[in-house]
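If you read the protein sequences in the order shown, they are chains A and B.
So for the first sequence, the numbering used here puts the first residue at 1; every next one is plus one.
So for the second sequence, the numbering used here puts the first residue at 1; every next one is plus one.
Every residue, glycine too, gets a C-beta built ideally from N, C-alpha and C.
Nothing here was measured: the structure is a model prediction, and the numbers come from that model.
There are 2 protein chains.
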Amino acid sequence: MRQKNSDKPSVRDRIVVAALDQFHTEGYNGRGVQEIADAAGVPKGTFYNHFKSKELLALDVLQLYIEGNSPEMLLDTSQPPLERLRAHFGFISRRYAECGFSRGCLLGNFSAEMADVSPALREALDKAFGDWTQGVASLLREAQAAGQIDSRHDPELLARFLINSWEGALLRMKVVKARQPLDDFYDVCFGVLLK
Amino acid sequence: MRQKNSDKPSVRDRIVVAALDQFHTEGYNGRGVQEIADAAGVPKGTFYNHFKSKELLALDVLQLYIEGNSPEMLLDTSQPPLERLRAHFGFISRRYAECGFSRGCLLGNFSAEMADVSPALREALDKAFGDWTQGVASLLREAQAAGQIDSRHDPELLARFLINSWEGALLRMKVVKARQPLDDFYDVCFGVLLK
């Protein structure tokens, strides 16, 4: 959580958790403050004691979602770089398998729905993708130093491409409601690109 | 257009064109029927003479968007396959450059926002992505026959991957508001994969 209201942390957290579920299944505009408050089991007035707007809530929701993807796995050097990258995407994949390959990535969903209309969300998404890119680029540099992948690749460019392609695979996964797009991603990225 | 109301084709078309602009800039849930009718310059009652629901309108909007991407370019054998594929993505890119790298792909936006909540849109998106994949796969088979790319690639798998990655690049483009994600796509796809 980005920020806690020290006198009522549990209510605030409950709202963020409920909103993550609501935004992830119905989209940002698919759910209003009333429905989020209902899902959290709090009166609408209580909602506004904790969040001045749905947009500010969405920033906390984004942070909670990112934490759930365990981005710190990328930095765990107890595993060789490429195995770690595969484990990272595998860990995230399991979140989608659990819900029938629906929902997709909240970063991607918010990008599609909100990047043009909410400067605050666009900025938060840019930072989130940027941080993720840095983590993957750092891992790719390790993989190059370890001779796991071609040293001629530009790690930053390849990291951006991998993350963008992953996001695209998750969009298609939502449409086909199956893991094929994720398998395609693994096949091409780990079988062809990261050699 | 999927279907025309023979007595008032121009009004129907005007609604679809206005809705494409509205959905593309604000998202499906970001605009209601009243706002779409206003943008088309027709009374709300007239809207419902032509479309029983916003969801049915969205199916026509999707079709109009796809036609605007000129998918027939993929089949124009007067150009060699890979040059044609690059020209295809280049043609679509120009649509985004014209609006400051915002909006993104309507197929991707609808996938993110609506694939889980509208079975009709999910089905239409699945067909659209499937048709597009077939076009690209056919081109890749040509490219293999012409010796332009490695014959060991599975053309269907590679076509799905390319389209999904393109969709991911467009999501990131909406966030960074620049063409870098498109350039990354070209660099990796045409510079590394399609060799």
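Under the criterion of beta carbons closer than 8 Å, residue 171 of chain B and residue 135 of chain A do not qualify as touching, at roughly 18 Å. Counting only the Cα atoms, residue 81 of chain A lies some 48 Å from residue 32 of chain B.
Within chain B, the residues 111, 115, 122, 125, 126 and 129 have their CB atoms less than 7 Å from the CB of residue 175 of chain A, given in chain order. Interface annotation, residue 38 of chain A: not in contact with chain B, CB-CB separation never under 8 Å. For the pair residue 104 of chain A and residue 129 of chain A, the Cα-to-Cα distance works out to about 15 Å. Interface annotation for the region 43 to 59 of chain A against chain B: empty, criterion Cβ-Cβ distance under 8 Å. With respect to the 8 Å criterion, residue 175 of chain A and residue 122 of chain B are classified as neighbours on the basis of their beta carbons.
Taking each of B/30, B/22, B/64 and B/25 in turn and checking the Cα distance to residue 13 of chain B, the smallest one comes out for B/64. Within the same chain, and ignoring the five residues on either side of residue 192 of chain B in sequence, no residue has its Cβ closer than 8 Å to its Cβ. Around the CB of residue 178 of chain A, fewer than 16 other CB atoms lie within 10 Å, so the residue is classed as exposed.
Within chain B, the residues whose beta carbon sits less than 7 Å from that of residue 187 of chain A are 157, listed in sequence order. Between the alpha carbons of residue 47 of chain B and residue 67 of chain B lies a gap of roughly 23 Å. When 7 Å is used as the limit between beta carbons, residue 132 of chain B is near no residue of chain A, the shortest such separation being about 11 Å.
If you draw a 10 Å sphere on the C-beta of residue 168 of chain B, you find 16 or more other C-beta atoms in it, and that means buried. At a C-beta separation below 7 Å, residue 192 of chain B has these neighbours in chain A: 193. In the three-state scheme derived from DSSP, where H, G and I count as helix and E and B as strand, residue 70 of chain B is classed as coil.
Pairwise C-beta distances place the region 140 to 157 of chain A out of contact with the region 152 to 165 of chain B, as fewer than three of them are shorter than 8 Å.
Within chain B, 160 and 164 have C-beta atoms less than 8 Å from the C-beta of residue 181 of chain A, given in sequence order.
In this structure, the beta-carbon distance from residue 59 of chain A to residue 115 of chain A does not fall below 8 Å.
Assigned with DSSP and collapsed to three states, residue 51 of chain B falls in coil, not helix or strand. Between residue 118 of chain B and residue 55 of chain B, the CB-CB gap stays under 8 Å.
Comparing alpha carbon positions, the residue from B/83, B/126, B/186 and B/189 closest to residue 146 of chain B is B/83.
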